Each structure stands twice: as C-alpha cells, then as structure tokens.
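Undergrad:
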Amino acid sequence: MTIEAIWSEYQTSLKAFIRSKVSNPDDAEDLLQDILVKTYTSLPSLHERSKLKPWLFQIANNAIIDFYRRKRFDSNDSDEVGTELWLDEESPSVVQDLSKCILPFLHGLSESEAELLKAIEIDGVSQKDYAETHDINYSTLKSRLKKSRQNLMGLFNQCCKFSLDSQGNLLEYERRDGHCSKC
1 MTIEAIWSEY QTSLKAFIRS KVSNPDDAED LLQDILVKTY TSLPSLHERS
51 KLKPWLFQIA NNAIIDFYRR KRFDSNDSDE VGTELWLDEE SPSVVQDLSK
101 CILPFLHGLS ESEAELLKAI EIDGVSQKDY AETHDINYST LKSRLKKSRQ
151 NLMGLFNQCC KFSLDSQGNL LEYERRDGHC SKC
C-alpha cells in the first residue's frame with residue numbers, strides 16, 4: 001500500500017483524533033504533518049496490513065504525547081515567573097535602575113552560582129557550551145541555573161518589592177526601606 005493511499009483513507013480520521021486531543025488548530029495541523037512524515041519513514045517496518053489503522057493511531061498518540069511534553073518543557077523554560085535575571089525590554093528605566101544591582105547581588109551568592117549566572121546571563125555563554133566546558137549534564141545545568149536565578153531573585157526581593165505582569169515581566173519595583181545596602 002502506498003503512502004498516498006494510506007493518507008487519503010486515514011487523514012480525516014487522524015485529524016479528528018488529533019483535534020479531540022489538541023485544541024489549537026495550527027498545532028493540530030503541524031502534528032498531522034509530523035505524523036505523515038513518521039508514517040512515510042516507518043512504513044517499511046509495518047509487516048501486517050491488518051494492523052495499519054492501530055499502528056497509525058499509535059503514531060498519532062505518541063506524537064500528541066511528545067507535543068505536550070515539549071510544550072510543558074518549553075513552558076517550564078519560559079514561564080519562570082520571578083526567576084528571570086533580565087527584565088522586559090519595554091521598561092528600560094527599570095532595567096537601568098536594577099542593572100547596577102546585579103553585580104553586588106551576585107557577590108551575595110555562592111561562588112559557583114555567581115560564576116554560572118555571570119557566564120550565561122552577563123557574558124552571553126550559551127547553556128550548552130557552558131555545560132560542555134564544565135563537563136556538566138545539560139539538564140543538571142538547567143536545574144542549577146534555575147536555582148541560581150531563584151536565589152538571585154530572592155536577594156532582589158529582600159531589597160525591593162516587584163510588580164509583574166501575567167507573563168512575569170517586570171512592570172515596576174519599589175525599594176523596601178532600610179532593607180538594602182547593595183545598590
């Protein structure tokens with residue numbers, strides 16, 4: 001059986017299955033295309049034509065699971081409300097005010113955390129390069145980086161009170177009286 005014949009027979013039911021699991025139509029369409037590619041590349045491994053339909057839907061189900069895993073991973077990376085070191089570009093005065101505080105606060109962290117944040121956030125070293133250079137597992141580095149950002153944010157929170165928007169971008173800040181001598 002050719003990929004064209006398979007696709008013409010099952011595309012509609014696969015699309016309905018995907019749409020029942022994924023609400024965004026663009027994401028569903030992307031998944032459908034991914035499934036087409038996986039079907040095409042894996043078709044030689046299918047030995048029994050009678051198992052075609054369950055095989056296709058298993059590919060679809062796995063693609064949906066992978067989609068949500070990636071989405072969760074991406075949201076964990078980008079949705080670290082209050083843990084991002086750098087601030088929203090739309091509030092340059094806030095960034096300028098607080099940027100002079102970063103180095104003194106880095107000195108308040110452990111040496112390894114300060115080195116990590118300085119290299120990645122200030123010097124612009126990529127996370128993967130840093131992990132390879134320091135012989136650290138990439139996922140371990142991401143965990144350490146997140147913890148270091150949280151610790152740095154904790155130091156900032158001791159000195160200032162922050163107002164964030166729903167995406168975690170800094171809108172404004174207010175210094176806490178008498179709590180900070182770092183900047």
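If you count the sequence shown from 1, position 44 lands on 44 in my numbering, and the numbers rise without skipping.
Cβ coordinates follow ideal geometry from the N, Cα and C atoms, glycine included.
Note that the coordinates shown come from a computational prediction; the quantities given were computed from them, not determined experimentally.
Which partner residues of S163 appear in the DSSP bridge assignment?
TA: According to DSSP, which records beta bridges pairwise, S163 is partnered with E172.
Undergrad: Specify whether the segment 50–64 and the segment 26–39 touch according to this definition: at least 3 beta carbon pairs, one from each stretch, less than 8 Å apart.
TA: At 8 Å Cβ cutoff, the stretches touch.
Undergrad: For I120, which residues in the same chain have their Cβ closer than 7 Å to its Cβ, ignoring the five residues on either side in sequence?
TA: Correct list, in chain order: Q127, Y130 and L145.
Undergrad: With the cut-off set at 8 Å, would you say L43 and I3 are in Cβ contact?
TA: Going by beta carbons, L43 and I3 fall inside the 8 Å limit.
Undergrad: Is E80 helix, strand or coil when you go by DSSP?
TA: The predicted position of E80 is uncertain, since its pLDDT is 46 and thus under 50; a value taken from the coordinates is nonetheless stated next. DSSP places E80 in coil when its eight states are reduced to three.
Undergrad: Once DSSP output is grouped into helix, strand and coil, what is the label at M153?
TA: helix
Undergrad: If you reduce the DSSP assignment to three classes, tell me which class L46 lands in.
TA: coil
Undergrad: Relative to the C-alpha of V125, which candidate in S110, L141 and E111 has its C-alpha closest?
TA: L141
Undergrad: Between the alpha carbons of H47 and K21, how many angstroms are there, rounded?
TA: Going by the C-alpha atoms only, they are around 28 Å apart.
Undergrad: Use the C-beta contact count for P92: other C-beta atoms within 10 angstroms, 16 or more gives buried, fewer gives exposed.
TA: Only weak support is given to the placement of P92: the predicted model assigns it a pLDDT of 48, under 50, and the value that follows is read from those uncertain coordinates. So P92 counts as exposed.
Undergrad: Ignore the nearest five residues each way along the sequence and tell me which others in K15's own chain have a CB closer than 6 Å to its CB.
TA: L32
Undergrad: My output table needs one value for I35: the three-state DSSP class, helix, strand or coil.
TA: helix
Undergrad: Excluding the 5 residues flanking H107 on each side, which residues of the same chain have their C-beta closer than 7 Å to its C-beta?
TA: A114
Undergrad: Grouping DSSP H, G and I as helix and E and B as strand, with all else coil, what is I18?
TA: helix
Undergrad: Hey, L103 and N151 are a contact pair by Cβ (cut 8 Å); roughly how many whole angstroms apart?
TA: Contact doesn't hold; Cβ gap of about 15 Å is too wide.
Undergrad: Looking only at its own chain, which residues have a Cβ that is under 8 Å from the Cβ of F156, when we skip the five neighbours before and after it?
TA: L98, C101, F105 and F162
Undergrad: Quick check on this structure: which residue in S45, D34 and G154 has the alpha carbon closest to the alpha carbon of I64?
TA: It is D34.
Undergrad: Can you name, in chain order, every residue of its own chain whose Cβ lies under 7 Å from the Cβ of I18, other than the five neighbours on each side?
TA: A28, L31, L32, A60 and I64
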